[in-house]
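Protein chains in written order, with my numbering: chain A, 16 to 494; chain B, 1404 to 1792.
Just so it is clear, CB atoms sit at the ideal spot from N, CA and C, and this is done for glycine as well.
Below is one structure; the comments refer to it alone.
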Amino acid sequence: MSSELEQLEYAIAEIMEIADSFGLDYYPMRYEICPADIIYTFGAYGMPTRFSHWSFGKMFNKMKMQYDFGLSKIYELVINSNPCYAFLLEGNSLIQNKLIIAHVLAHCDFFKNNVRFSATNRDMVESMAATAERISRYELAYGAETVESFIDAVLAIQEHVDPQLIKPMRYDKRQQMEEKIRRAKGGRQGSVKAGPYDDLWALDEPSSGRNDDAKEAAVHFPPEPEKDIVWFIQEYSEVLEDWQRDIMSMLREEMLYFWPQMETKIMNEGWASYWHQRIIRELDLTSDETVEFAKLNASVVQPSRQSLNPYYLGLKIFEDIERRWDNPTEEERRRFGREPGKGREKIFEVRELDSDISFLRSYLTKDLVRDLDLYIFEKQGPEWKITDKSWENVRDQLIASRVNGGSPYIVVQDGDYLRSGELLLKHQYEGIELDLKYLEHTLPYVYKLWGRPVHLETVVEDKRALFSYDGQKHVRKML
Amino acid sequence: MPTPDRYNFVVSKEDWSLHRKGYQDQQRHQEKVREVIKQNLPDLVTEENIIMSDGKQIIKVPLRNLEEYRFIHNYQKHKHVGQGDGSSEVGDVLGQDSPKDNGKGGKGGKAGDQPGYDYVEAEISIEELEDMLFEEMELPYIEEKDKADLETESIRFNDIRKKGLMSNIDKKRTILENLRRNATAGTPGIHGITPDDLRYKTWEDVVVPHSNAVILAMMDTSGSMGAFEKYCARSFFFWMTRFLRRQYEKVEIVFLAHHTEAKEVSEEEFFTRGESGGTICSSVYQKALEIIDTRYPPSSYNIYPFHFSDGDNLTSDNERCVKLIGELMKRSNMFGYGEVNQYNRGSTLMSAYRTIKQEKFMYYVIKEKGEVYNALKRFFHKREGGAAS
């Protein structure tokens, strides 16, 4: 046993040496070997220390079952944190572990250097543990079922946060919004506001905009459509208790932490696959190990019919960028001043600055779409059919599917709808309809959080439609 | 040569056996699955593929409450990007639609970050369903029947002892003991069997409960009983038979169909045939009494007559019915009357039966399918202080 561990430690040191020589830049690493059920627990929860909820139990059950039936296998799991935790499946062979160690080093390099991750909390392991602890204390205080059903409601809208990176100086969302409302109401308050303590007056003002003044009626609340539905409800719902706002704010933090991973799935997996291949090539492997590596590598990056493997797609794009920047064409040299041999440098730049959307938009070329045999398919009658192979449409479709992490883009349009404190959400329709069954099952959760009737405007069959739920019944209306 | 300590990493292997979170939440999920199934019991009780089955299959229960609803795109209605093996062409058919095709992840590079149309179903066997259903039920008015008929005694050899009757000697075990003793003593082989080696078989008295019950399933098959009415009755008898089978070693069921006159029919006929004409319920009660008196002596049978009708009866016959029910109840554990009355009409039979004030007489009016469950619960609900004697 100890010699196995020594071998592993030796391999890690060797791999780190190679990774360093390639210029990978990662956090200190914590490798933990654990049994399958633990790896699958972490896989289901996204984090070892996350709070308890039945939906994770359901996911765990499903993943574990697939593992038990030999349908899928997670070899590793890596956490965006400093130090970086990587979990290795007990029973991996040494060569499997070598591949995984190289793979997770590149993931860690990506976490540390990609700009989308720059605002993520690197102590999230501890933060989530604290969240879990607090939630379990709320369970004791308010009853497990009360807390559970509240979390059900929050999870139903958890994707609707605002992950934008660029935030104004001294950012306080609520203050800012209220400032905007004040300014929109014009004259009086806006012009007076100068002194450093003037915002104190705002505290004395009851919730804004309830006067019947005609001018104020025109002021929207929120002044601009608000993308962060979770935040908006947490701040402005009139039915939430403190513990409920606390849970919402904690779950929102968790979502903001996971968000960059959703935004960079293709890049991150491509980057890790690119590097595990390059690093393993530098190792002295026996012929048996070479064969085993080839098998495992193939199972990771193999393309599969009808589905798009993010590992494979990302890897191919990175390799293509490197090739093109190593050997620029005559035209590229002339027009863009590209020097040959800059491939490596370029991919490091890409891993720092791009996310999946810009990555695909800038680097998924006509040649790649053809070589990878990508196509668009859709449902026609009962059949799923390939309907388009033109490269620009494929690229644009792929980008569209990655917008907002793949979730529908929905905003708070009006937090005082019909002047009676009702909530109007609006789906920013761009050609993809919502699932109406899911929509009508989700509105009651929003109602539970908001406490007053809720509405969602979307487009169904090219017509604007309004879905409402008032706590008793659903109403559908064409606009 | 790299040395581990120059690099900043740690490899560890902890004892994770106390990390049970995944299993605990899995447990909670399963509890919720059970809750949902329980809430669905009224619908499941009349689920066609159960009632029409042989009772052995696994059924699927949709778990709508346990889907994790959120705002998602309609997977069916938008375009996706896929990858071919190099020879794909516009117009190729990738697959027919099936519920599984709506599966999550994979497609379009969305690898698992979308809940998709994850249509959740729980699989449950009819036995499990019975457990849930019957745990709320109890058989009322079980009566002690003749002991001799109720129990049979037999013996079973199921133990080995060192003392016993020579005729019950267990030769194989005795020789094994001898072998073992000799081997320990250093002289392997079978020789010198001593009294210490001897092993005897010994027996135990077993009492096998031997009790019988008979259901007299009576149904109005006159013209006024339509498919709906019959289906409700059928569902009811299906579960009732299963329920009684749990309580009694042997449950017989006698099907009596009637319109103006009654006769004993096969199960098949009972549920399918329809006749025209009027209804005289007393005919079937009379027939039931005859059958009890000739074939099922109340001293050794628990008798459960149940009558399903739509409530239409020849008014002049009602009085006679009440009298015969009285006779039947003298011989039976209980008498159940189920009226399937979809439109809530006033019924002649019911108006007569409401006057029967006896504990053993129970009735329920079923207006819709879901109420078969309520009827079962009414007839077999748990009574205070357990079953009456």
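8 angstroms Cβ shell around A/I336 - same chain, five flanking residues per side excluded: Short of 8 angstroms from the beta carbon of A/I336, and not among the five residues preceding or following it, lie these beta carbons of its own chain, in chain order: G358, K361, I362, V365 and Y378.
Beta carbons nearer than 8 angstroms to chain B: which residues of the segment 388 to 418 of chain A have them? Going along the segment 388 to 418 of chain A in chain order, one finds D388, L389, Y390, I391, F392, E393, K394, P397, E398, W399, K400, I401, T402, D403, K404, V409, Q412, L413, S416 and R417 with a Cβ nearer than 8 angstroms to chain B.
B/M1753 versus B/V1768 - alpha carbon distance: 9 angstroms
What is the DSSP secondary structure of A/Q259, counted as helix, strand or coil? Reduced to three states, the DSSP call for A/Q259 is helix.
Going by DSSP, which residues form a beta bridge with A/V427? A/E241 and A/L440
Thinking C-alpha only, which one of A/K127, A/M78 and A/M44 is nearest A/E367? A/K127
Using a cut-off of 7 angstroms between C-beta atoms, extract the partners of B/E1671 located in chain A. None at all; the shortest Cβ gap to chain A is about 38 angstroms.
For A/Y55, return the contacting residues in chain B, with the cut-off set at a CB-CB distance below 9 angstroms. Ordered by position in chain B, the residues that pass the 9 angstroms Cβ test against A/Y55 are G1425.
Beta strand (DSSP E) segments (min. 3 residues) lying fully within the segment 1668 to 1709 of chain B: none
On the CB-based measure, 16 or more other CB atoms within 10 Å of its CB, does A/Y453 come out buried or exposed? When all chains shown are included, A/Y453 counts as buried.
CA-CA distance, B/N1747 and B/Q1442? 25 angstroms
Using the Cβ count rule (16 or more neighbours within 10 Å means buried), how would you classify B/H1476? buried
With DSSP as the reference, please indicate the residues paired to A/E393 in a beta bridge. DSSP output for A/E393 lists A/K400 as bridge partner(s).
Bridge-paired residues (DSSP) for A/K361: A/K361 pairs with nothing; no bridge assigned.
Just reading off the beta strand (DSSP E) that B/D1623 is part of, what are its end residues? N1615 to D1623
Apart from the five residues on each side of it in sequence, which residues of its chain come closer than 7 angstroms, Cβ to Cβ, to A/Y41? C99, L120, C123, D124 and K127
If you check the beta carbons only, do B/E1533 and B/V1464 fall under 8 angstroms apart? No, Cβ-Cβ distance for B/E1533 and B/V1464 is not below 8 angstroms.
C-beta contact flag for A/V384 and A/W399 at 8 angstroms: no
According to DSSP, is A/E19 part of a helix, a strand, or is it coil? helix
According to DSSP, which residues form a beta bridge with A/S373? None, per the DSSP bridge assignment.
With a threshold of 8 angstroms between beta carbons, is A/I295 in contact with chain B? No, A/I295 lies away from the interface with chain B (no Cβ there is under 8 angstroms from its Cβ).
Thinking just about the alpha-carbon of each residue, which of A/K79, A/L39 and A/R45 is nearest to the one in B/N1411? Considering only alpha carbons, the answer is A/R45.
Count the other CB atoms within 10 Å of the CB of A/V254; is the residue buried (16 or more) or exposed (fewer)? Burial call: exposed.
Note the first and the last residue of the continuous beta strand (DSSP E) segment covering B/G1485. Note, B/G1485: beta strand (DSSP E), H1483 to Q1486.
Please identify the residue among A/L389, A/Q428 and A/P423 whose C-alpha is closest to the C-alpha of A/V409. Closest by alpha carbon: A/L389.
Neighbourhood of A/A287 by C-beta, 6 angstroms cutoff - its chain only, sequence neighbours within 5 removed: H118, A121 and H122
A/K452, DSSP secondary structure in three states: Per DSSP, reduced to three states, the secondary structure at A/K452 is helical.
Where does A/D429 land, buried or exposed, given buried means 16+ other C-beta within 10 angstroms? buried
Using three-state DSSP, classify B/R1559 as helix, strand or coil. strand
Nearest-angstrom Cα separation, counted from B/K1770 out to B/Q1479: 39 angstroms
Could you tell me the boundaries of the alpha helix (DSSP H) in which B/K1732 lies? According to the sequence displayed, residue 1732 of chain B carries Met and not Lys. Segment N1721 to R1734, the alpha helix (DSSP H) holding B/M1732.
Give me the Cα-Cα distance between B/R1409 and A/R339, rounded to the nearest whole angstrom. 36 angstroms
Return the CA-CA distance between B/E1438 and A/W290, expressed in angstroms with no decimal places. 49 angstroms
What number of angstroms, rounded off, separates the C-alpha of A/S133 from the C-alpha of A/S96? 12 angstroms
Quick one: is A/R45 near chain B, going by C-beta distance under 8 angstroms? Under the Cβ distance rule, A/R45 counts among the residues neighbouring chain B, one pair being separated by less than 8 angstroms.
Rounded separation between A/Q173 and A/F57 - CA only: 19 angstroms
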